[in-house]
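Take a look at the structure below.
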Amino acid sequence: DVKVTQSSRYLVKRTGEKVFLECVQDMDHENMFWYRQDPGLGLRLIYFSYDVKMKEKGDIPEGYSVSREKKERFSLILESASTNQTSMYLCASTSGQNYGYTFGSGTRLTVV
Amino acid sequence: SQQGEEDPQALSIQEGENATMNCSYKTSINNLQWYRQNSGRGLVHLILIRSNEREKHSGRLRVTLDTSKKSSSLLITASRAADTASYFCASVNTGGFKTIFGAGTRLFVKA
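Here the protein sequences come in this chain order: E and B.
Be aware that the first sequence starts at 493, since it is given in this note's numbering, and climbs by one per residue.
Be aware that the second sequence starts at 23, since it is given in this note's numbering, and climbs by one per residue.
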């Protein structure tokens, strides 16, 4: 069964901490994405990556960075966590724009 | 940026009834996809319809696409309590890898 795995389901961090969210896929997909999901706002794209060491900003990249050192792993980094980054974070991958996305189970991050 | 829009925002029906959800989008698309999300979990891909298709079926799901109106609908026939979830449309734009998700329709199926 193909899978996208996010390292944590729930995470609580303090304001100002550096936070790492990890995502691993086992489908050999080139394309990986990080979204955040907030009530009433749907999914908003933070960053995406077409290939190893390649990254592109999405709609809301401010306060975030990403790393893709290996094809199967795409990490989201909150450089200095703030309370307005409390959200559900979803990682996804796909083999191309003519195919559906496979999502991870999500990480619910609370910043206090 | 503004997302695609689903209608209605919430829908409550009895088991056995059909559920219809609508989606509108703003730009030219390569394809449109529908996803399901159970509470607090990730999204699961249900069905993809290409811009040159008008209707597609998968089990109890029927999706239509009207590119002239920039709209799509998802019909779930003979709903079950287990269909209770949020449903999202995602429009994949032409000319680049840009996918826009709607805010979702929350479906509640009463047993």
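Think of the CB as a built atom: it goes at the ideal place given N, C-alpha and C, for glycine as much as any other residue.
Self-check item: Three CB pairs or more closer than 8 Å across the region 44-56 of chain B and the region 113-130 of chain B
Solution: Counting C-beta pairs closer than 8 Å gives three or more between the region 44-56 of chain B and the region 113-130 of chain B, which meets the contact rule.
Practice problem: Say whether chain B places a C-beta atom closer than 7 Å to the C-beta of residue 622 (chain E). | Solution: The question about residue 622 (chain E) has no answer, for chain E in this structure spans 493 to 604.
Quiz prompt | Stretch-stretch touch, CB-based, cutoff 8 Å, three pairs: the region 96-106 of chain B with the region 572-584 of chain E | solution = In this structure the region 96-106 of chain B does not lie against the region 572-584 of chain E, because fewer than three pairs of beta carbons, one per stretch, are closer than 8 Å.
Practice problem: Assign residue 23 (chain B) to buried or exposed, taking buried as 16 or more other Cβ atoms, counted over all protein chains shown, within 10 Å of its Cβ. | Solution: Your numbering for residue 23 (chain B) matches position 1 in the second sequence. Its pLDDT being 32, under 50, residue 23 (chain B) is placed unreliably by the model, and the measurement read from it follows with that caveat. Counting Cβ neighbours within 10 Å, residue 23 (chain B) comes out exposed, since fewer than 16 surround it.
Quiz prompt | Three CB pairs or more closer than 8 Å across the region 587-594 of chain E and the region 55-70 of chain B | solution = The region 587-594 of chain E, when compared against the region 55-70 of chain B, does touch it at the 8 Å Cβ threshold.
Quiz item: Just how far apart, CA to CA, sit residue 44 (chain B) and residue 524 (chain E)?
Solution: Locating residue 44 (chain B) in the second sequence gives position 22, where the first residue counts as 1. Locating residue 524 (chain E) in the first sequence gives position 32, where the first residue counts as 1. Each residue's Cα considered, the two are about 28 Å apart.
Quiz item: Counting only beta-carbon atoms, is residue 23 (chain B) nearer than 7 Å to chain E?
Solution: On the second sequence, position 1 is the one that residue 23 (chain B) refers to. Residue confidence for residue 23 (chain B) is low, a pLDDT of 32 falling below 50, so the modelled location carries little weight and cannot support an answer.
Quiz item: Quick one: is residue 79 (chain B) buried, meaning 16 or more other Cβ sit within 10 Å of its Cβ, or exposed?
Solution: Residue numbering aside, residue 79 (chain B) sits at position 57 when the second sequence is read from its first letter. The residue in question, residue 79 (chain B), is exposed, as its Cβ has fewer than 16 Cβ neighbours within 10 Å.
Quiz prompt | Given residue 85 (chain B) as reference, the closest of B:63, B:102, B:33, B:53 once Cα atoms are compared | solution = Stepping through the second sequence from its first residue, residue 85 (chain B) is reached at position 63. The residue among B:63, B:102, B:33, B:53 with its C-alpha nearest the C-alpha of residue 85 (chain B) is B:53.
Quiz item: Can you list, in chain order, the residues of the region 37-56 of chain B whose Cβ is nearer than 8 Å to any Cβ on chain E?
Solution: Result list: 52, 53, 55.
Exercise. Scan the region 48-92 of chain B and note each continuous beta strand (DSSP E) run of 3 residues or more that stays entirely inside, going in chain order.
Key: Correct list: 51-59, 65-72, 77-80, 83-88.
Quiz item: Can you tell me whether residue 539 (chain E) is buried or exposed, with buried defined as 16 or more other CB within 10 angstroms of its CB?
Solution: In the first sequence, residue 539 (chain E) corresponds to position 47, counting from 1. Under this definition residue 539 (chain E) is a buried residue.
Quiz item: Can you tell me whether DSSP reads residue 44 (chain B) as helix, strand or coil?
Solution: The count along the second sequence starts at 1 and reaches residue 44 (chain B) at position 22. Correct three-state label for residue 44 (chain B): strand.
Quiz prompt | chain B contact for residue 589 (chain E) (CB, 7 Å cutoff) | solution = Taking the first sequence and counting its residues from 1, the one referred to as residue 589 (chain E) is at position 97. Yes, residue 589 (chain E) lies at the interface with chain B (some Cβ there is under 7 Å from its Cβ).
Quiz item: Within 7 Å (strictly less), CB to CB, does residue 601 (chain E) reach chain B?
Solution: As a first step, residue 601 (chain E) must be located in the first sequence, where it is residue number 109. So no, residue 601 (chain E) is outside the interface.
Quiz prompt | Check whether residue 108 (chain B) and residue 35 (chain B) have beta carbons under 7 Å apart | solution = Walking along the second sequence from the start, residue 108 (chain B) turns up at place 86. Walking along the second sequence from the start, residue 35 (chain B) turns up at place 13. For residue 108 (chain B) and residue 35 (chain B), no; Cβs fall outside 7 Å.
Quiz item: Going by other Cβ atoms of all chains shown within 10 Å of its Cβ, with 16 needed for buried, is residue 25 (chain B) buried or exposed?
Solution: Within the second sequence, the letter at position 3 stands for residue 25 (chain B). Summary for residue 25 (chain B): the model assigns pLDDT 47, below 50, so the residue's position carries little reliability; its value from the coordinates is reported in the next sentence. Buried is the label assigned to residue 25 (chain B), since at least 16 other Cβ atoms lie within 10 Å of its Cβ.
Quiz item: Applying a beta-carbon distance threshold of less than 7 Å, which residues of chain E neighbour residue 139 (chain B)?
Solution: One cannot answer for residue 139 (chain B) here, as it falls past the ends of chain B, which runs 23 to 133.
Self-check item: Interface partners of residue 555 (chain E) on chain B, CB under 7 Å
Solution: For the purposes of this step, residue 555 (chain E) is taken as the residue at position 63 of the first sequence. Near residue 555 (chain E) there are no residues of chain B at all, since even the closest Cβ is about 17 Å away, more than 7 Å.
Exercise. May I ask you to report which of helix, strand or coil DSSP gives residue 35 (chain B)?
Key: Translated into the one-based positions of the second sequence, residue 35 (chain B) becomes position 13. DSSP, read as helix, strand or coil, puts residue 35 (chain B) in strand.
Quiz item: Listed from N- to C-terminal order along the chain, which residues in the region 533-545 of chain E have their beta-carbon within a distance smaller than 9 Å of any beta-carbon of chain B?
Solution: Flagged, chain order: 533, 534, 535, 536, 537, 540, 542.
Self-check item: Reference residue 545 (chain E); option with closest CA among E:558, E:552, E:537
Solution: Reading the first sequence from its first residue, position 53 is the one you call residue 545 (chain E). In this structure, E:558 is the residue among E:558, E:552, E:537 with its C-alpha nearest to the C-alpha of residue 545 (chain E).
Quiz item: Quick one: is residue 528 (chain E) buried, meaning 16 or more other Cβ sit within 10 Å of its Cβ, or exposed?
Solution: Locating residue 528 (chain E) in the first sequence gives position 36, counting from the first residue. The residue in question, residue 528 (chain E), is buried, as its Cβ has 16 or more Cβ neighbours within 10 Å.
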